[in-house]
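Protein chains in written order, with my numbering: chain D, 839 to 1024; chain B, 2 to 180; chain L, 542 to 1226. Glycine included, C-beta positions come from ideal geometry on N, C-alpha and C. Just so it is clear, the structure is predicted and the values come from calculations on it, not from any experiment. Notes follow the structure.
Set out below in structure tokens:
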């Protein structure tokens, strides 16, 4: 969700040194606006519930935006502006925690969990795949599938007989489809 | 799932439940401040009576710096406690100073006329000083020691007990360092 | 009077829950049909009692009977009747009353549907619903009693929370969410019932699945409705803020969706028994967790009610349910063992298993992000925030992976496949995906995530299209139906499968809408003087005037804008700020022109206090937002198709000659237990 925003953040990260360099020279008003919006989207509005400074219409959030703009115009880098807000409001003000110290957990744990889950899964799949297909189970399963072949009643009108079917030219694709129907109808 | 060890599975969620239980014990409205213990941010602002006042003018005094607005209901509630503070403490030693937060001076004057109180309030156009102090909303109060450091911060309406406790502890620390 | 009547009704409902629990458990374990039947009938009794309580509360609200505690807290004579009626769910105890009523309705429906089926399982299901009922009705009798008597009755009340009386949608999105949340208690009850009864064969699962689909559909609609509400009411121009409470409704949705896929593996292959049970139970625990978040005010959130004793009670109940369920699973673990086999690594079962891995990883991630501030505070005594930028960053890649799988899974056959078949199956979808990708590039999209989204969306639509094409052509050849009729046949005769594809289509529409609005959203904030115009995108916005209006419950300041799109005059719009006596901040009401291609979204940010000479307005041109709502609707329709009962005919005398010899010969005369179509249909309505 809001994929683009996530990406902007990533890019903002990557683009940091460049931005810092550019700040030495005078920035155009449009550039300042752009940077202000990007920064404001990363800061939490103190008087709202879970809105960013960019989104909030509250007086404080709007003043914070103009603080951001003034500081950027005065030649501060986005990082310095962020650091200013952190020094006043604490890390709470950042909508995305800085990836350092204990905060690393919230970035690394999901990835670790995903990898661990994938590892377990691969092991399990190997086990499943290597175990001989249990003949008895297969037969039982097939029987259930076929007993579900009332399905066939839904696929073909009741009057349909073997002879009728065989008269039709069934492509391989159709056959697959019928087989699929039998399985998926329950 | 084999063996007696499997009976340990049901207690796996205990840490999560414990964490949530911890969550219930605290007040989400109370936010720790990043600037407690730091020197107060500098300011130079016009007062409501037309003078101007800077942080350096407050050197040597304990300051109860109260961010407020006339439209803020809890500010009315805490007002008597501030009045009592001005009556109790020696003016040269402990001073109450208001900072007007997103409000019009005329309305603030009416508020002071109606509810009483003699202390000065400075205007904060652009809310810059409030942002400098990391204010979340009003009322919010900072206790500055004589060196201009922020000793405490209180979010929400004050009462006399809070003021007394904070001022006393600042006085105690200063007494200890003086002797 | 009303106060006493309401309280008595709630006590009666609690009594019903006691009978449900005790009768169901004893009747089930000791095999006493009389007790089991009493338990079943008690569900009707509880339902009648809760209905009475609801009616009493509505009467009290609408007649402004301030002697009733809840009315005194959320009612006011100035609030319009519509908002007074729906203020039932605007505060804590009222919403628990509403929740309890829905629970009683679901319980009664389960009892009705199963009045003649499966005497082994049903008593345990009723008992499990009774346990949930005990808790909720107990809350109403005890700490969350909305019917307390206020003496003397005040003349008037403060009215409901301003945010919750600001838009018509408040009458729609919470009930849908509640129907979804509470509905998830039913599959949970089936799971617990199956564990208690010890009969863990597939029949309970099939019934649980249908209830799950129904609840899932309501939950989906509720989530989309919530996004819509957020968009139309909160005025920030977005629709999803990763607010803890939004996450709370999303978490059970994720696990429920995982279940709806993995259940097919169990039905087909008898694998994943413990896993599916865990998903059902986890889903229900997450709904309780979500309710806990909303009701306890434990995390900062728009929705938090912040009330004292309810939080610990909820937490206790969550702990009890989790612990009890796990004990039951361990106790029955010997019956849950299923020797699984996997014939081919590239197969539909593998795709579903991978799908589950990702869904669970997403659940874990969203859960971790939601509670992480608590973890940090516990360990370090520091406050941090985990907000949208974090969630967007971690959520998007996984969600894209799921989108991709959505195009792969349905097209893979069960068990195994051959490279030749794979090539044939995926040629068209892959071409379509690449075509969409090139189109997006040609239109100037350069960012990676939107590009990937578009490509995958094309791919998935290709797969779904192919599935429908195959089905239609097969039916044409087998039954000689015309194309349109053949298409409808698929939906009516195998709704489960093809309804699922419709749901997938809706999800693709939503994903595309998210990617488009994310790529091309533009916004500006401008201060306009009277008569001044702003041109943005193809819109022209002209500011006319600022006006103020006294309403009984609030003071409204609005600004009037005239809007053109190209040459066409669209009309006037009036974004407003609403000042409620109980709220410090004004509540903005944005004004939106919606169209399929793009929305124009106006929020009043500031205005000239004296004279109304100028107004500051935030103008957002947001393309394809309507796709989210349309997609949500398609998802709902698809889910409806999937559970819509279809007539079943007698099996044909023989199967196709082509199937003979393929190991698929029918077994003679083994009746398939019928689901109960009428009841499920009634439930869906």
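Starting from the Cα of residue i, find the closest Cα among the options and give me that residue.
i                       : options                       : result
residue 1080 of chain L : L:1100, L:1086, L:1112        : L:1112
residue 935 of chain D  : D:882, D:899, D:870, D:874    : D:882
residue 80 of chain B   : B:109, B:127, B:145           : B:109
residue 935 of chain L  : D:958, D:965, D:947           : D:947
residue 820 of chain L  : L:958, L:810, L:802           : L:802
residue 1115 of chain L : L:738, L:629, L:1098          : L:1098
residue 876 of chain D  : L:1064, L:1023, L:1025, L:657 : L:1064
residue 672 of chain L  : L:717, L:730, L:773           : L:730
residue 870 of chain D  : D:909, D:884, D:887, D:895    : D:909
residue 690 of chain L  : L:782, L:1173, L:601          : L:601
residue 938 of chain L  : L:922, L:748, L:899, L:771    : L:899
residue 745 of chain L  : L:660, L:1180, L:674          : L:660
residue 756 of chain L  : L:720, L:777, L:864, L:815    : L:720
residue 628 of chain L  : L:1012, L:790, L:605          : L:605
residue 73 of chain B   : L:853, L:1122, L:1142, L:1082 : L:1122
residue 170 of chain B  : B:144, B:55, B:134            : B:144
List the whole-angstrom C-beta distance separating residue i from residue j, where the pair is believed to meet the contact cut-off of C-beta under 8 Å.
i                      : j                       : result
residue 647 of chain L : residue 727 of chain L  : 6 Å
residue 585 of chain L : residue 649 of chain L  : 5 Å
residue 666 of chain L : residue 734 of chain L  : 4 Å
residue 636 of chain L : residue 698 of chain L  : Incorrect: roughly 17 Å between the Cβ atoms, too far for contact.
residue 151 of chain B : residue 37 of chain B   : 5 Å
residue 681 of chain L : residue 739 of chain L  : About 33 Å separates the two Cβ atoms, so there is no contact after all.
residue 7 of chain B   : residue 871 of chain L  : 5 Å
residue 765 of chain L : residue 835 of chain L  : Not confirmed; about 18 Å, so no contact.
residue 974 of chain L : residue 1009 of chain L : That pair is no contact at about 17 Å.
If you run the structure through DSSP and keep just helix, strand and coil, what is residue i?
i                       : result
residue 1164 of chain L : strand
residue 595 of chain L  : helix
residue 607 of chain L  : coil
residue 714 of chain L  : helix
residue 886 of chain L  : coil
residue 154 of chain B  : strand
residue 812 of chain L  : coil
residue 9 of chain B    : helix
residue 49 of chain B   : coil
residue 1114 of chain L : strand
residue 857 of chain L  : helix
residue 99 of chain B   : strand
residue 90 of chain B   : coil
residue 1230 of chain L : This structure cannot settle anything about residue 1230 of chain L, because the visible part of chain L is limited to 542 through 1226.
residue 1077 of chain L : strand
residue 1139 of chain L : strand
residue 1085 of chain L : strand
Classify residue i: buried if its beta carbon has 16 or more other beta carbons within 10 angstroms, exposed otherwise.
i                       : result
residue 872 of chain D  : exposed
residue 1021 of chain L : exposed
residue 780 of chain L  : buried
residue 938 of chain D  : exposed
residue 603 of chain L  : exposed
residue 893 of chain D  : buried
residue 67 of chain B   : buried
residue 12 of chain B   : exposed
residue 1110 of chain L : exposed
Return no unless some Cβ of chain A is closer than 8 Å to the Cβ of residue i.
i                      : result
residue 928 of chain D : Included in the structure are the protein chains D, B and L, with no chain A among them.
The ligand GDP and residue i: does the residue's C-beta get closer than 7 Å to at least one heavy atom of that ligand?
i                      : result
residue 750 of chain L : Ligands displayed in this structure: none; no statement on the ligand GDP is therefore possible.
Point to revise | Segment contact flag, the segment 944-958 of chain D with the segment 891-908 of chain L, C-beta cutoff 8 Å, min 3 pairs | key: The segment 944-958 of chain D, when compared against the segment 891-908 of chain L, does touch it at the 8 Å Cβ threshold.
Review point. Is there contact between the segment 937-946 of chain L and the segment 977-984 of chain L, where contact requires at least three CB pairs shorter than 8 Å?
Key: Two segments are said to touch when three or more pairs of C-beta atoms, one from each, lie closer than 8 Å; by this definition the segment 937-946 of chain L does not touch the segment 977-984 of chain L.
Review point. Is the segment 872-889 of chain L close to the segment 690-704 of chain L, with three or more CB pairs under 8 Å?
Key: By the Cβ criterion, the segment 872-889 of chain L is not in contact with the segment 690-704 of chain L, since fewer than three pairs of Cβ atoms, one from each stretch, lie closer than 8 Å.
Practice item. State whether the segment 1141-1161 of chain L contacts the segment 1082-1091 of chain L, with contact taken as three or more CB pairs (one from each stretch) at a distance under 8 Å. Key: With the cut-off at 8 Å, the segment 1141-1161 of chain L and the segment 1082-1091 of chain L touch.
Practice item. State whether the segment 648-662 of chain L contacts the segment 592-607 of chain L, with contact taken as three or more CB pairs (one from each stretch) at a distance under 8 Å. Key: no
**Study point:** Touching by the beta-carbon criterion (3+ pairs, under 8 Å), the segment 905-923 of chain D and the segment 910-925 of chain L
**Key:** no
Exercise for review: Evaluate contact between the segment 608-624 of chain L and the segment 162-180 of chain B, counting only Cβ atoms and requiring at least three cross-stretch pairs below 8 Å.
Suggested key: Counting Cβ pairs under 8 Å, fewer than three are found: no touch.
Review point. Looking at C-beta atoms only, is the number of pairs between the segment 1130-1137 of chain L and the segment 1055-1074 of chain L that lie closer than 8 Å three or more?
Key: Put simply, the segment 1130-1137 of chain L does not touch the segment 1055-1074 of chain L. Fewer than three CB pairs are less than 8 Å apart.
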